[in-house]
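Student: The following block contains the structure, expressed as structure tokens.
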Amino acid sequence: MNWFTKTFSSTIGRKIVMSVTGLFLCSFLVVHLLGNLTLFRNDGGEAFNLYSHFMASNGVIRAMEIVLVLGFLFHIYDAIVLSRRNKGARPVNYAENHPEQNTTSWASRNMGLLGTVILVFLIVHLWNFFVPARFGSLDPVLIENVEYDNLYTSVVEAFKNPIYVLIYVLGMIALAYHLIHGFQSAFQSLGLTHKKYTPFIQIFGFAFSVLICLGFAIIPLYFFFTQQ
Amino acid sequence: MAGNNPNAKLMNLTLKVWRQKNMNTPGQLVTYPVKNISPDMSFLEMLDVVNEELLVKNEDPIAFDHDCREGICGMCSLFINGRAHGPERGTTTCQLHMRSFRDGDTITIEPWRAAAFPVYKDLIVDRAAFDRIQQAGGYVSVNTGGVPDANEIPIPKTIADKAFDAATCIGCGACVAACKNASAMLFVSAKVSQLAMLPQGKVERKTRVENMVAQMDIEGFGACSNTGACAAECPVGISLENIAFMNREYLTAKATSENVA
């Protein structure tokens, strides 16, 4: 192995990959949520369909899509490698293990579990919207005499199903807890801590996690309660 | 025996102790009823009493690590009632007193659990993995010769304080024991920070962190999940800041050191 692969296959190297990909995925969440806000325009889905058409046809977005997939793959791959290593580091468990209360957060101890819930949600989510949108089984809709895929109606239809609404809301709760630990933890892993800005990162990370996930979770709830 | 308070009420306890003959034999928790323990005794003195009774009965005494018994050597260990060094904060087991428990309590005593710390016997684990990490780079090379003048190398007070805080690590392994991943990051980061901050440590700065982290991984310790369990259980209060410092050191060293292989 050369120095590069050695660096990124060390435990610290893998944590750095987790941090960088994690923060990158956070930036994706912002873009995704901003785009989704077009769902709330009361125009029968016109703005949302135009937005989704732009996302599917723009070259830069398509290129970033590949980077995004790589970001997910590296994040998930390193999570699996690290989790297996961490499990192996304690082959015999304690008969009694009662850490002092409130010294560690539940989220920090369960990032793997939360990540798995998010992955299941992600697969359901891609199956609901990405697969039909990309591999074409959507109804056409006319907007100013041009034909577009009507992703809006499939959003509306999907969220009439309470099971989907439940899966989406649970997915967002898992994501919120994952980010509450993950966001500030990423900076710690990257060595970016300082008494001048770490308190800000912690407060910002908490607000970011809650607001982003709340923003996403409102969408299925909104359609479930308004479009019956 | 300690116990300078004649009015202190003596305690009766039930111990559940991990007994394991050697590295190759499986162990188990064995229950021992213990009577007439003074609350002024330290936890290790209580175990001494138990062992004296076991010896009288011609049984194998409980093997446990101890040395200075004043909280500075890092030899004593023990996972007591589910916590490293027992229920008190910032305390080694030798400085834990029986007054921290109540009469009639059941106390479970286990060895540190980590793949990198195999159990030698009963409650004694092999912590040589820490020694090997230290040998990989936890030192400074200095020429022998005359004693240098005091304050010849100016060091800012804030840096000296931080380096000293990191240097208080006694290498007991409570961080590894408390971490859900059995990670040694707090220990290694304390050793790396202590030396990297001081001028004397700058010579081997990059190679040090590269080699110590590589050795840490070879030993089979887990990675850091930033839960903070290590710092909460550390008897000398090593800060999580050291872990961030080491990650920064590691990344910088990997990007700029001369070690290409």
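Line order of the protein sequences matches chains H and X.
FYI, in the numbering used here the residues of the first sequence are 1 to 228.
FYI, in the numbering used here the residues of the second sequence are 1 to 261.
Heads up, the beta-carbon is just placed ideally off N, CA and C, and yes, glycines get one too.
If you're wondering where the values come from, they're calculated on a predicted model, not measured in any experiment.
Name, in chain order, the residues that DSSP records as bridge partners for Ser42 of chain X.
Tutor: Your numbering for residue 42 of chain X matches position 42 in the second sequence. Paired residue(s): X:His97.
Student: Give a yes or no on whether 7 Å exceeds the smallest Cβ distance from Arg127 of chain X to chain H.
Tutor: On the second sequence, position 127 is the one that residue 127 of chain X refers to. By this cut-off, Arg127 of chain X is not an interface position.
Student: Ile37 of chain X and Met11 of chain X: beta carbons closer than 7 Å?
Tutor: In the second sequence, the residue the question calls residue 37 of chain X occupies position 37. In the second sequence, the residue the question calls residue 11 of chain X occupies position 11. Ile37 of chain X is a Cβ neighbour of Met11 of chain X, given a cutoff of 7 Å.
Student: Against Asp161 of chain X, what residues of chain H qualify as contacts under a CB-to-CB distance less than 7 Å, listed in chain order?
Tutor: Against the second sequence, residue 161 of chain X aligns to sequence position 161. Within 7 Å Cβ-Cβ: nothing; Asp161 of chain X doesn't reach chain H, min ~14 Å.
Student: Can you tell me whether Lys162 of chain X is buried or exposed? The criterion is at least 16 other CB atoms within 10 Å of its CB, across all chains shown.
Tutor: If you number the second sequence from 1, residue 162 of chain X lands on position 162. Under this definition Lys162 of chain X is a buried residue.
Student: Look up Val120 of chain H in the DSSP assignment and say whether it is helix, strand or coil.
Tutor: Along the first sequence, one-based indexing puts residue 120 of chain H at 120. Val120 of chain H: helix per DSSP, three-state reduction.
Student: Which residues, in order along the stretch 218-230 of chain X, keep a beta-carbon less than 9 Å from a beta-carbon of chain H?
Tutor: Within the stretch 218-230 of chain X, the qualifying residues are Gly220, Phe221, Gly222, Ala223, Cys224, Ser225, Asn226, Thr227, Gly228 and Ala229.
Student: Within 7 Å of any Cβ in chain H, is that where the Cβ of Leu186 of chain X sits?
Tutor: Taking the second sequence and counting its residues from 1, one reaches residue 186 of chain X at position 186. Output row for Leu186 of chain X: interface = no.
Student: In the DSSP assignment, find the alpha helix (DSSP H) that holds Met64 of chain H and state where it starts and stops.
Tutor: Taking the first sequence and counting its residues from 1, the one referred to as residue 64 of chain H is at position 64. Taken as a continuous stretch (DSSP letters only), the alpha helix (DSSP H) holding Met64 of chain H covers Gly59 to Gly88.
Student: With H, G and I counted as helix, E and B as strand and the rest as coil, what does DSSP make of Phe216 of chain H?
Tutor: As a first step, residue 216 of chain H is located in the first sequence; it is residue number 216 there, counting from the start. In the structure shown, Phe216 of chain H sits in a helix (DSSP, three-state: H, G or I).
Student: Let me know the secondary structure DSSP gives Thr144 of chain X once reduced to three states.
Tutor: By one-based count along the second sequence, residue 144 of chain X stands at place 144. Coil at Thr144 of chain X, not helix or strand.
Student: If you measure between the beta carbons of Ala207 of chain H and Ser19 of chain H, is that distance less than 7 Å?
Tutor: Looking up residue 207 of chain H in the first sequence gives position 207. Looking up residue 19 of chain H in the first sequence gives position 19. No, these two residues do not count as a Cβ contact at 7 Å.
Student: Using only the alpha-carbon positions, how far apart do Thr201 of chain H and Leu82 of chain H sit?
Tutor: On the first sequence, residue 201 of chain H is found 201 positions in, with the first residue counted as 1. On the first sequence, residue 82 of chain H is found 82 positions in, with the first residue counted as 1. The amino acid at residue 201 of chain H is misidentified as Thr; the sequence shows Ile. When rounded, the distance between both Cα atoms is 25 Å.
Student: So if DSSP puts Pro87 of chain X in a beta bridge, which residue, or which two residues, is it bridged to?
Tutor: Position 87 of the second sequence, counted from the first residue, corresponds to residue 87 of chain X. BP columns for Pro87 of chain X are empty, so no partner.
Student: Skipping 5 residues on each side, what residues in its chain have a beta carbon closer than 8 Å to that of Lys21 of chain X?
Tutor: Along the second sequence, one-based indexing puts residue 21 of chain X at 21. Hits under 8 Å: Gly27 and Lys121.
Student: With distances taken from CA atoms, which of X:Asp60, X:Leu44, X:Thr31 and X:Glu233 is nearest Leu186 of chain X?
Tutor: Start at 1 with the first residue of the second sequence, and residue 186 of chain X comes out as number 186. When each option's Cα is compared against that of Leu186 of chain X, the closest is X:Glu233.
Student: Is the Cβ-Cβ distance between Ser189 of chain X and Asn242 of chain X less than 7 Å?
Tutor: For the purposes of this step, residue 189 of chain X is taken as residue 189 along the second sequence, with counting starting at 1. For the purposes of this step, residue 242 of chain X is taken as residue 242 along the second sequence, with counting starting at 1. For Ser189 of chain X and Asn242 of chain X, yes; Cβs fall inside 7 Å.
Student: Can you give me the Cβ contacts of Arg85 of chain H inside the same chain, cut-off strictly under 8 Å, excluding the 5 residues immediately before and after it?
Tutor: Sequence index remark: in the first sequence, residue 85 of chain H carries index 85 (1-based). Excluding positions up to five away in sequence, the list reads Thr11.
Student: I need the straight-line Cα distance from Ala166 of chain X to Ala63 of chain H, nearest angstrom please.
Tutor: Within the second sequence, numbered from 1, the residue matching residue 166 of chain X stands at position 166. Within the first sequence, numbered from 1, the residue matching residue 63 of chain H stands at position 63. Cα to Cα, Ala166 of chain X sits roughly 46 Å from Ala63 of chain H.
Student: Within a Cβ cutoff of 8 Å, which residues of the same chain sit near His85 of chain X, ignoring the five residues on either side of it in sequence?
Tutor: As a working note, residue 85 of chain X is residue 85 in the second sequence. Excluding residues within five positions, the ones whose Cβ falls inside 8 Å are Cys76, Ser77, Leu78, Thr91, Thr92, Thr93, Leu96, Cys172, Ala174, Glu233 and Pro235.
Student: Do Val260 of chain X and Trp106 of chain H have their C-beta atoms within less than 7 Å of each other?
Tutor: Within the second sequence, residue 260 of chain X is the residue found at index 260, counting from 1. Within the first sequence, residue 106 of chain H is the residue found at index 106, counting from 1. It is not a contact, given that the beta carbons lie outside the stated cut-off.
Student: Which of the three DSSP states, helix, strand or coil, is assigned to Gly222 of chain X?
Tutor: Counting from one through the second sequence, the residue named residue 222 of chain X turns up at place 222. Three-state DSSP puts Gly222 of chain X in a strand.
Student: If we define contact as Cβ-Cβ less than 7 Å, is Leu15 of chain X a contact residue for chain H?
Tutor: Here residue 15 of chain X refers to the residue found at position 15 of the second sequence. So no, Leu15 of chain X is outside the interface.
Student: Rounded to whole angstroms, how far is the Cβ of Tyr168 of chain H from the Cβ of Ala217 of chain H, which I believe are closer than 8 Å?
Tutor: Position 168 of the first sequence, counting from 1, holds the residue named residue 168 of chain H. Position 217 of the first sequence, counting from 1, holds the residue named residue 217 of chain H. Yes, they are in contact, since the Cβ atoms of Tyr168 of chain H and Ala217 of chain H sit about 7 Å apart, within 8 Å.
Student: Quick one, are the C-beta atoms of Arg127 of chain X and Phe117 of chain X less than 7 Å apart?
Tutor: The count along the second sequence starts at 1 and reaches residue 127 of chain X at position 127. The count along the second sequence starts at 1 and reaches residue 117 of chain X at position 117. In this structure, Phe117 of chain X lies closer than 7 Å to Arg127 of chain X by Cβ.
Student: Mind checking which residues open and close the alpha helix (DSSP H) that includes Met185 of chain X?
Tutor: Here the question's residue 185 of chain X lines up with position 185 in the second sequence. Per DSSP, Met185 of chain X belongs to the alpha helix (DSSP H) from Met185 to Met197.
Student: Just to confirm, are Ala63 of chain X and Ile124 of chain X a CB contact at a threshold of 7 Å?
Tutor: Position 63 of the second sequence, counted from the first residue, corresponds to residue 63 of chain X. Position 124 of the second sequence, counted from the first residue, corresponds to residue 124 of chain X. With contacts defined as CB atoms closer than 7 Å, Ala63 of chain X and Ile124 of chain X qualify as a contacting pair.
Student: What are the start and end residues of each continuous alpha helix (DSSP H) run of 4 or more residues lying completely inside the stretch 121-147 of chain H, in chain order?
Tutor: 131-134
Student: Which residues mark the beginning and the end of the alpha helix (DSSP H) in which Asn102 of chain H is found?
Tutor: Translated into the one-based positions of the first sequence, residue 102 of chain H becomes position 102. That residue, Asn102 of chain H, is in no alpha helix (DSSP H); it is neither H nor E in DSSP.
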